Amino acid sequence: MTLPGKSVFGALLAVGLLGAVAEPACAQRSMMFSGTFAAEHNAPAGVQGRVVALYYSGAHVLRYTVTWSGLSGPITIAHLHGPALPGKDGPPMATVRGPYKSPLSGGVMLSAEQEQDLLAGRVYLNLHTKDYPNGEARAWLVKGE
162 MTLPGKSVFG
172 ALLAVGLLGA
182 VAEPACAQRS
192 MMFSGTFAAE
202 HNAPAGVQGR
212 VVALYYSGAH
222 VLRYTVTWSG
232 LSGPITIAHL
242 HGPALPGKDG
252 PPMATVRGPY
262 KSPLSGGVML
272 SAEQEQDLLA
282 GRVYLNLHTK
292 DYPNGEARAW
302 LVKGE
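The working numbering puts the last residue of the sequence shown at 306; the count rises by one with no breaks.
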């Protein structure tokens, strides 16, 4: 069996070589982070949800998937905040882009300083709503295995 101008064997060989070339980028080491949402700023305790993220240090990219339910209304904006210690507020360090529908997946680039804050457990994801513009739900990003 042949393809126009190429044999099936040749096509498979080409695909295999492309896969071998792409493998080093895909094999880049990552670190897993996760966190569970809790209500903040006197918001009702009905929020549920989770953040699961992989940080690729070579590319300085944090890829995340966020799920949530039980907020007072739609999310108006979401940020990674830090540096901060648990129980304290930190400034926004990166915007998590919408559309804000659960589940939400995406990624952000981090600076070297932001990476150090992430590794030290000083970064959280904050979900802001109209009723709670300073944040209704917070999930601390904790390094996993």
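Cβ coordinates follow ideal geometry from the N, Cα and C atoms, glycine included.
The structure presented is a predicted model; accordingly, all values stated were derived computationally and were not measured.
{"query": "Proximity to G259 [Cα-Cα], best of P252, I236, P253 and M270", "result": "I236"}
{"query": "Of the listed residues R283, K262, V257 and N295, nearest to E274 (C-alpha basis)", "result": "R283"}
{"query": "8 Å Cβ shell around A276 - same chain, five flanking residues per side excluded", "result": "For clarity, residue 276 is Glu in the given sequence; the question names Ala instead. Correct list, in chain order: Y216, S218 and H221."}
{"query": "L280: first and last residue of the uninterrupted alpha helix (DSSP H) it sits in", "result": "A273 to L280"}
{"query": "S266, enclosing beta strand (DSSP E) - first and last residue", "result": "L265 to M270"}
{"query": "Beta bridge counterpart(s) of R299 as assigned by DSSP", "result": "A199 and N287"}
{"query": "Check whether S272 and T228 have beta carbons under 8 Å apart", "result": "no"}
{"query": "Rounded separation between V208 and S230 - CA only", "result": "6 Å"}
{"query": "K304 - DSSP class collapsed to helix/strand/coil", "result": "strand"}
{"query": "Neighbourhood of A255 by C-beta distance below 6 Å, restricted to the same chain and skipping five residues each side", "result": "L241 and V269"}
{"query": "Spatial neighbours of L179 in its chain, beta-carbon cut-off 8 Å, leaving aside the 5 residues before and after", "result": "Since pLDDT at L179 reaches only 35, below the 50 mark, its modelled position is unreliable, and no value is offered."}
{"query": "Buried versus exposed, by CB contacts within 10 Å (16 or more), L265", "result": "buried"}
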